[in-house]
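The next block holds one structure in the form of structure tokens; read it before the comments.
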Amino acid sequence: MARDSRVPQATVLLSGGIDSAAVLALLKSQGMQVRCLFVDYGQPAAEQELVASSSIASHFLAPWSSVSISGLKVPANQEIKGRNDLLIAVATSCNQDAVIALGTHAGTPYVDCSITHHHAWQDLYDVQYSGVQRLLTPFIERAKPEVFALARELSVPISLTYSCEASGGPCGVCVSCKDRSALDDVSNPRV
Ligand SMILES: [Zn+2]
């Protein structure tokens, strides 16, 4: 489809998990021009996430690309300092798009998933790009069950997503696996 220059182009940071897949589905449903970026920064599940990310992009007929960053020492199963800063900065540079979107949601203890962090980044964008660059985090005030419900409503192909922080998962013990199993219980109540 030809690009419409009146509509801002967005890059969605598509990790392969449910949250970013739901962001992609949401922006597409709103008529935005969207392309997807996967960042391999050496996370343990990079290989599985990459497959999930590209499959989800294909499902939504969205252009997809990946970028690799080597040499980082990424700790397993714990907070990765600066992770979202890294992802946002890479996405900003990578496609030069006016909108960068990511699937951070409420209910996590991580500062880089908070509204304060979002505002700090938007302030930085405003300093650098005079108000034309936007950070979009549509789920920043929505908790995971709400995001999951929206994902189902938007027909996100849940089976294509990958939500474990370990390689070769699902491991069943990481934060993402626990999140996911709680959601599966909600969506498939045992009565
Ligand atoms: Zn896991």
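Under our numbering, the first residue of the sequence shown carries the number 1274, and numbering increases by one thereafter.
Where a beta carbon is used, it is the ideal one built from N, C-alpha and C, also for glycine.
Of the candidates Val1448, Cys1447, Ala1439 and Thr1434, the residue whose Cα lies closest to the Cα of Asp1292 is Thr1434.
Here Gln1401 is exposed, its C-beta having fewer than 16 other C-beta atoms within 10 Å.
The Cβ-Cβ distance between Ala1295 and Val1420 falls below 8 angstroms. Not a single heavy atom of ligand 1 lies less than 7 angstroms from the C-beta of Glu1419. Residues close to ligand 1 by the beta carbon criterion (under 7 angstroms to any non-hydrogen atom) are, from first to last along the chain, Cys1437, Glu1438, Ala1439, Gly1442, Pro1443, Cys1444, Gly1445, Val1446, Cys1447, Ser1449 and Cys1450. Relative to Gly1376, the option among Leu1360, Thr1410 and Leu1397 whose CA is nearest is Thr1410. Measuring C-alpha to C-alpha distances from Val1448 to each of Asp1399, Gly1304 and Thr1381 identifies Thr1381 as the nearest. Gln1406 and Ala1374 do not touch by the CB rule: their CB atoms are close to 12 angstroms apart, not below 8 angstroms.
Annotated three-state conformation of Thr1410 is coil, per DSSP. Distance from the CA of Asp1385 to the CA of Asp1396, rounded to the nearest whole angstrom, comes to 15 angstroms.
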